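Number of protein chains: 2
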Amino acid sequence: MKNEDEPKDKRLKPGEAQKLTMAEVAKYVGVSAMTVSRAFRQDASVSEETRKRIMEAVDALGYVLDLSAGSLSSRRSGFIAALVPSINNSNFSDTARGMTDALQNTGLQLLLGYTDYSAEKEEELIEAMLRRRPEGIILTGGTHTARARRMLVKAGIPVVETWELPENPINQVVGFSNSEAMALLVRTLASQGYRKFGYIGGTTARDTRGSQRRSGFQRTVEELGLGPGRMISFGVPPITMEQGGQAIVSLLERWPDTEVVLCVSDLSAFGAIMECTRRGMKVPKDIAIAGFGDYEISSICHPRITTINVDCYGIGRQAAARLLDTLHTGEATGDEITLTGYKVVLRESTDRNGAPTV
Amino acid sequence: MKNEDEPKDKRLKPGEAQKLTMAEVAKYVGVSAMTVSRAFRQDASVSEETRKRIMEAVDALGYVLDLSAGSLSSRRSGFIAALVPSINNSNFSDTARGMTDALQNTGLQLLLGYTDYSAEKEEELIEAMLRRRPEGIILTGGTHTARARRMLVKAGIPVVETWELPENPINQVVGFSNSEAMALLVRTLASQGYRKFGYIGGTTARDTRGSQRRSGFQRTVEELGLGPGRMISFGVPPITMEQGGQAIVSLLERWPDTEVVLCVSDLSAFGAIMECTRRGMKVPKDIAIAGFGDYEISSICHPRITTINVDCYGIGRQAAARLLDTLHTGEATGDEITLTGYKVVLRESTDRNGAPTV
DNA sequence: CCTTAAATTGTTATCGATATCATCTTGCCG
DNA sequence: CGGCAAGATGATATCGATAACAATTTAAGG
């Protein structure tokens, strides 16, 4: 049945292809396995000629390095774990791109996980990641389960929290104050003459950045003496485009004289604008609407959406850079907070003097 | 400087925390390491009482299983690799969600990689993944570099190609014909009376699904005797919303009497519609526009966009399911093709009798 | 009470690469 | 021409878990 000449490996499962090891490549070339191992790394000292011969053999045999064996021995897994709330959100994908770029040519790979905005799922993912022994871990936000925190601290690897400024950071932080950013947007719009402010966000505190934006809104509206903001909570975060549309309908039913509505994200703002348009209301003439995050859609749609631009890419890039620093200096740098920028982007959706939209 | 009482491990890097191993947990409980290992797995036979004691110790000590050691020994890495073109595309994120769901409770994790629509990047990623010895791999599309194909075949693990029907499949396929789907859309719109068809897509064949859609369009327009389609290529795939807007401008400059424009994806269709709206053209009265993919935005925006709905989630779910089958049956099932569904979704953006849009 | 099967636990070798130290060449210089 | 440093390569132990098999305990049945 099977080729009887092959050396029989007792632990080989039936039907499984014979796996190639470094030792076999070494034998083929006529060197030791150690030399093959060295040839795979740039820095190690192997004569150029030997390296070439080894690489030719690797090619000819189709050998692929086995990192799981290597990382056990070297005690370096060669990857960084990063957890983001959602796979399908251009803000977070920009952050992920920043991380990937920063890890370029460091020999470290990025391993992404998606928490779906849930601290429990985050805990599970943290454990799953730690089981593979990452050399560092980047998290979104500062809210974690107690067990997750314990595991992170115990792991003894650098931890970077991003996108917020946690009160009680685990280690390093790269982010900005979501509540301050939202406050800035409120103040900017108030300075344009808007007085009756509404707010649309999700129903729970699951999305901590969303909660922070909401409290920044509420606080600032009151500080400006504009009374309590008109708040509508709709849907479990992350609130969808469709929910943005439903939310603005109930908001306007309840407070028909609202002048401007801020939304927890551009996506809900877009949904709100489309729903208004569909119902024959003009944005911004009848109602002004702003978002948060400066997603691509906001500069494309009609009317274009006023929003807060966040340095998503920079967050990722700097988070990874801080992590690398810590790894290189032997985590002597200690804890620090890196602030990233944000800015108000005024566009048509809140432009009081703008040409009336179609 | 260091605690001199600690047993000195010669291979421990300075400053690194003392790592906990299974053996230490075992000693703490008073059993062998093997028993601890068994306690971590559901099926293994350990008395309930011992398992409980072990798990308490694990909790107390804060031990986290080391999979990199385990997978070396068991020759099972415990993960499936999946490569998708883009991190930030709801079609692919739905597919990824389908995979994740299908892998629930199988003990297998999904490891995602992003190829950025590039076969070279795909090759790099395939190698990076194979170095960690995945138990299976799921790819998007059927176009790979020669070296990538060699590595995949040689790896001896199940391979599933998705989202297309490659002419020369490596192993298993879960997908649909992009050209047939686009052809269906053309025929549907032609049956509604549209005659002068335009098409907007990217400039290169990098996005193979895009190319297939384009050829399906071209072929069908000619089959229907509607002359050659009016094709505009704009931007490197994946074509953005903004490029969709730019593309429709040049298309209408060149062929002002075009009646309906099909776009390679909903995103470019959305950009095109917004640009038309901004220029004072009514969609669909002045020009009808359709997309592909049925993204969330298409059912929200105004006017809502006619499109092809693809079973993205099902592609992921079935791809993972096929992979699991193959793993369980010992890859005896061999190669097969699983077709997934798609359907035309007619909406306002091509509705000839619809109320004129605002 | 004895026998045998089932359940539980332990022992040892091993997965495949790499750290570490030893060995062997070269080449250079006085 | 000897001595020594730098460069290249090899031998061996090891990373931390698990497979395979051995040993032990418990349960069941007559």
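Protein chains in written order, with our numbering: chain A, 932 to 1289; chain B, 932 to 1289.
Glycine is no exception: its CB is placed at the ideal position from the N, C-alpha and C atoms.
Please read all numbers here as calculations on a predicted model, not as lab measurements.
For residue i and residue j, I'd like the C-alpha separation in whole angstroms.
i        : j        : result
P1159(B) : S1229(A) : 35 Å
S999(A)  : S1002(B) : 7 Å
S963(B)  : I1057(A) : 27 Å
F1201(B) : A991(B)  : 55 Å
E1227(B) : R1078(B) : 37 Å
T966(B)  : K950(B)  : 20 Å
R1081(B) : G993(A)  : 8 Å
K933(B)  : G1261(A) : Unreliable positioning characterises K933(B) in this predicted model, as indicated by a pLDDT of 35, which lies under 50. The coordinate reading is nonetheless provided below. About 15 Å.
L1258(A) : Q1040(B) : 27 Å
P938(B)  : V1015(A) : Residue confidence for P938(B) is low, a pLDDT of 39 falling below 50, so the modelled location carries little weight; the figure read from the coordinates is stated next. Taking the straight line from one Cα to the other gives about 39 Å.
Y959(B)  : A970(B)  : 15 Å
E1053(B) : Q1177(A) : 41 Å
T1237(A) : Q1249(A) : 26 Å
L1277(B) : Q973(A)  : 57 Å
E1051(A) : E1051(B) : 37 Å
N1284(A) : F1107(A) : 31 Å
Assuming contact is defined by CB atoms lying nearer than 8 Å, are residue i and residue j in contact in what I supplied?
i        : j        : result
L1120(B) : A1221(B) : yes
A1012(A) : L1042(A) : yes
C1194(A) : I1131(A) : yes
G1224(B) : D1197(B) : yes
L996(B)  : R1062(A) : yes
G1147(A) : E1111(A) : yes
P1097(B) : R1137(B) : no
T1189(A) : R1235(A) : no
M1172(A) : I1231(B) : yes
I1170(A) : S1199(A) : yes
M953(A)  : S968(A)  : yes
N1109(A) : R1144(A) : yes
Using 8 Å for Cβ pairs, my map puts residue i next to residue j. What's the rounded Cβ distance?
i        : j        : result
V1192(A) : G1129(A) : 4 Å
A1252(B) : Y1125(B) : Wrong, their Cβ atoms sit about 39 Å apart, outside the cutoff.
G1073(B) : E1095(B) : 5 Å
E1066(B) : S1004(B) : Not quite, the Cβ-Cβ distance comes to about 15 Å (not below 8 Å), so this is no contact.
V1214(A) : S1280(A) : 6 Å
L1255(B) : T1076(B) : Not confirmed; about 27 Å, so no contact.
T1151(A) : V1105(A) : Not really, about 25 Å apart at Cβ, beyond 8 Å.
V989(B)  : V956(B)  : 6 Å
G961(A)  : G1245(A) : Rounded, the Cβ-Cβ distance is 51 Å, inconsistent with contact.
V1275(B) : L1115(B) : 6 Å
M1205(A) : H1233(B) : 5 Å
Return the chain-ordered list of same chain residues with a C-beta closer than 6 Å to the C-beta of residue i, the five sequence neighbours on each side being excluded.
i        : result
V1090(B) : I1068, L1083, I1101, N1102
D1242(A) : T1271, G1272
L1182(B) : G1129, I1163
From which residue to which residue does the beta strand (DSSP E) around residue i run?
i        : result
Q1040(A) : 1040 to 1045
I1352(A) : No information on residue 1352(A) is available, as it lies outside the stretch 932 to 1289 that chain A covers here.
E1154(B) : It is not in any beta strand (DSSP E) - E1154(B) instead sits in the alpha helix (DSSP H) that spans 1139 to 1154.
I1131(B) : 1128 to 1132
Q1103(A) : 1103 to 1106
C1232(B) : That residue, C1232(B), is in no beta strand (DSSP E); it is neither H nor E in DSSP.
R1161(A) : 1161 to 1164
A1219(A) : 1219 to 1221
T1031(B) : No beta strand (DSSP E) holds T1031(B); the alpha helix (DSSP H) holding it covers 1021 to 1034.
A1136(A) : A1136(A) -> no beta strand (DSSP E), and no H or E assigned at all.
V1276(B) : 1273 to 1276
Identify the continuous alpha helix (DSSP H) that holds residue i and give its terminal residues.
i        : result
G1202(A) : 1197 to 1209
V962(A)  : Careful: V962(A) lies outside any alpha helix (DSSP H) and carries neither H nor E.
K950(A)  : Per DSSP, K950(A) belongs to no alpha helix (DSSP H) and is neither H nor E.
E1190(B) : Counting along the chain, E1190(B) falls outside any alpha helix (DSSP H), and DSSP gives it neither H nor E.
E1055(A) : 1050 to 1061
Spatial neighbours of residue i within its chain, please: C-beta separation below 7 Å, excluding the five flanking residues on both sides.
i        : result
M1324(B) : Given that chain B is displayed from residue 932 to residue 1289, the structure contains no residue 1324(B) and the question cannot be resolved.
I1018(A) : Y1045
D940(A)  : Low confidence applies here, because D940(A) scores a pLDDT of 39, under 50, leaving its location unreliable and the question unanswered by this model.
R982(B)  : A970
T1031(A) : L1041
D1282(B) : P1215
If you drop the 5 nearest sequence neighbours on each side, which residues of the same chain put their C-beta closer than 8 Å to that of residue i?
i        : result
A1027(B) : A1013, V1015, L1041, L1043, G1247
T1139(A) : G1072, G1073, T1074, E1095
D1025(A) : C1243, Y1244, G1247
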